[in-house]
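Numbering-wise, the sequence shown is residues 130 to 490 according to our numbering. For every residue, glycine included, the Cβ atom is placed at its ideal position computed from N, Cα and C. Here the structure is laid out as structure tokens; the discussion comes afterwards.
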Amino acid sequence: MNELPVRPCVQWSPDGVAVDLLDQTLLPERETWLRLETWEAVAEAIRSLRVRGAPAIGIAGAFGLALGAEEAFRAGAEGIEERFAVCRTALLATRPTGRNLGWALERLGRAFDEALPDGPAAAVAAVRREADGVAADETDMCQRIGEAGVPLLPDGGATVLTHCNAGALATAGLGTALAPIYLARDRGIPVRVAACETRPVLQGARLTAWELTRAGIDTTVITDSTAAALLAAGRVNLVITGADRIAANGDVANKIGTYGLAVLARHHGIPFYVAAPRSTFDPSLATGQAIEIESRDDMEVRSGLGRTTTPPEAGVWNPAFDVTPAHLVTALVTDGGVLRPPYEPAIRRLLTEAPRLREHP
Ligand code: MRU
């Protein structure tokens with residue numbers, strides 16, 4: 130396992146009774162760690178983007194549900210199942226688009242149900258173990274995505290365009306889209322990154338540029354509307370983004386603006402890759418049209434740089450994600466290797482093959 134570019138942004142507190150979380154809303158100005166002692170506090174942190182990025186949301190949700198299970202246990206054995214279910218439903222509702230959260234909470238739900246015949250204490254302990262398993266698996270999958278993705282970068286070096294933040298801050302490991310970049314750099318391949326700032330909340334400028342520059346990677350932030358000019362100037366070799374949910378046919382939901390970049394990449398004949406672990410795939414949805422797109426508060430768009438930027442009379446439309454049709458995706462870079470079209474059988478194979486995930490005691 131490679132050294133991580135930043136400390137995992139969601140972890141257990143040293144005393145093991147709370148979740149320590151890096152507040153991403155304050156980056157890059159301040160590096161503030163929060164101590165969250167209840168599942169409700171974790172749910173609030175997810176809703177308000179203190180932790181964000183599909184895999185990191187899944188890990189935070191899992192740790193939150195482990196806290197919820199322990200709280201439900203302290204309230205007494207009677208009714209523990211109901212209290213656990215309420216907590217799980219509430220955490221699942223925090224952010225609807227990313228698949229990893231449901232993937233994680235389903236795992237914890239199964240662990241709880243399977244251990245319950247041995248008593249509530251066993252069920253709660255099983256939930257905590259499974260939460261740790263979710264974090265470990267997401268970390269391992271980032272490493273595998275990185276290994277799969279490095280050969281996609283030209284040996285002589287590359288300039289990669291990325292969008293939003295699909296790096297260490299969005300996962301518990303090397304990231305998804307950024308994992309091949311970190312590994313390539315470690316192997317002596319010169320990599321430069323152009324990061325779209327990613328309006329409205331600037332995950333590219335605030336977070337991607339923060340973690341890449343800390344890791345010593347040459348990074349240039351561009352406004353989202355500069356991407357076309359950069360591609361037209363021939364200054365990008367490939368585009369790599371992450372994903373929040375991928376349908377059975379390979380359609381990809383990711384941060385708003387991703388679809389536009391895919392169209393631009395196709396127009397300019399540049400490969401457009403999407404990097405994601407198996408926990409992001411949702412084979413229950415035939416196409417991306419069925420993916421629920423989170424709509425966020427108008428205020429994210431109405432203001433910027435600390436002031437109002439939009440007259441109150443104007444309406445605002447603020448979807449947090451868009452869907453890129455599979456035919457615009459050159460390849461899906463996964464923990465099970467690089468998937469090429471036709472995606473439907475390739476995704477089916479990825480999800481049915483024995484998941485090469487670590488054994489957790
Ligand atoms: O709203 P966010 O910041 O949670 O959106 C994050 C993204 O869209 C990422 O690209 C995606 O979750 C992949 S993270 C490995």
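For residue i and residue j, which I take to be in contact (beta-carbon distance under 8 Å), what is that distance rounded to the nearest angstrom?
i	j	result
Gly398	Thr305	Not quite, the Cβ-Cβ distance comes to about 24 Å (not below 8 Å), so this is no contact.
Ile274	Ile310	That belief does not hold up - the Cβ atoms of Ile274 and Ile310 are roughly 11 Å apart, past 8 Å.
Leu156	Arg179	Wrong, their Cβ atoms sit about 10 Å apart, outside the cutoff.
Leu480	Pro412	6 Å
Thr439	Val430	7 Å
Arg316	Val279	7 Å
If you draw a straight line from the alpha carbon of residue i to that of residue j, how long is it in whole angstroms?
i	j	result
Leu336	Val256	31 Å
Ala376	Ser177	26 Å
Pro490	Asp261	Here the model assigns Pro490 a pLDDT of 41, short of 50, so the residue's position is not dependable and the matter cannot be decided.
Val330	Val215	30 Å
Val322	Leu468	23 Å
Leu393	Thr416	22 Å
Gln140	Glu173	16 Å
Glu199	Ile175	20 Å
Ala361	His396	9 Å
Asp464	Arg212	35 Å
Gly433	Arg159	18 Å
Val148	Thr167	8 Å
Phe241	Ile209	11 Å
Leu281	Phe192	34 Å
Gln153	Arg181	8 Å
Gly389	Ala222	28 Å
Arg374	Arg343	28 Å
Arg217	Lys384	25 Å
Trp232	Thr459	26 Å
Arg407	Ala264	14 Å
Val350	Ala287	16 Å
Val253	Ala195	7 Å
Gly363	Ala356	11 Å
Thr453	Asp380	6 Å
Hey, would you say residue i sits closer than 7 Å to residue j, going by beta carbons?
i	j	result
Glu423	Thr226	yes
Ala405	Thr300	no
Glu340	Val135	yes
Leu165	Leu150	yes
Thr409	Asp451	no
Ala358	Thr348	no
Leu312	Gly296	no
Ala391	Leu457	yes
Asn229	Ala183	yes
Leu237	Glu259	yes
Ala455	Ile420	no
Leu367	Cys138	no
Asp426	Val445	no
Asn378	Glu482	no
Using the Cβ count rule (16 or more neighbours within 10 Å means buried), how would you classify residue i?
i	result
Asp247	exposed
Glu488	Annotation note: pLDDT 45 at Glu488 (below 50); position unreliable, coordinate value reported separately. Under this definition Glu488 is an exposed residue.
Val146	exposed
Gly333	buried
Ala475	buried
Arg477	exposed
His292	buried
Met270	buried
Ala206	exposed
Leu290	buried
Arg314	buried
Pro441	exposed
Gly197	buried
Gly285	exposed
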